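J.:
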Amino acid sequence: MLHSMSTTVEPSAERSAAEVNEEIRALWLRSGGTLSSEQREEYQRLVLEWAAALPQPAKAA
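This note's numbering numbers the first residue of the sequence shown as 388 and each following residue consecutively.
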């Protein structure tokens, strides 16, 4: 049976934006500044996770 990989990122209470940012930095360091197509996919996933982990601004009443 084949399963498709989800492209949606669910907010993770387990990792902060700072932790995800550190993983993004490590990815860039490992790649030497040029991402392969597989690394680009990982980068995109991490950026979405990072954005979801950012604190949400309070809504004005």
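Using N, Cα and C, we set each Cβ at its ideal position, and we do this for glycine too. Quick caveat: nothing in here was measured; it's all calculated off a predicted structure.
Buried or exposed for Glu425, please, with buried defined as at least 16 other CB atoms from any protein chain shown within 10 angstroms of its CB.
T.: For this step, residue 425 is matched to residue 38 along the sequence shown. Flag for Glu425 reads exposed.
J.: Suppose contacts are defined by Cβ-Cβ distances below 7 Å. Is Ala447 in contact with Val407 by that definition?
T.: The residue you call residue 447 lines up with position 60 of the sequence shown. The residue you call residue 407 lines up with position 20 of the sequence shown. Taking 7 Å as the Cβ cut-off, Ala447 and Val407 do not qualify as a contacting pair.
J.: Look up Leu363 in the DSSP assignment and say whether it is helix, strand or coil.
T.: Given a span of 388 to 448 for the chain in the structure shown, any question on residue 363 remains unanswerable.
J.: Since Arg414 and Glu429 are thought to touch, with beta carbons under 8 Å apart, how far apart are those beta carbons, to the nearest angstrom?
T.: Along the sequence shown, read from residue 1 onward, the residue named residue 414 stands at position 27. Along the sequence shown, read from residue 1 onward, the residue named residue 429 stands at position 42. In the sequence as displayed, the identity of residue 414 is Leu instead of Arg. In this structure Leu414 touches Glu429 by the C-beta definition: roughly 6 Å separates them, less than 8 Å.
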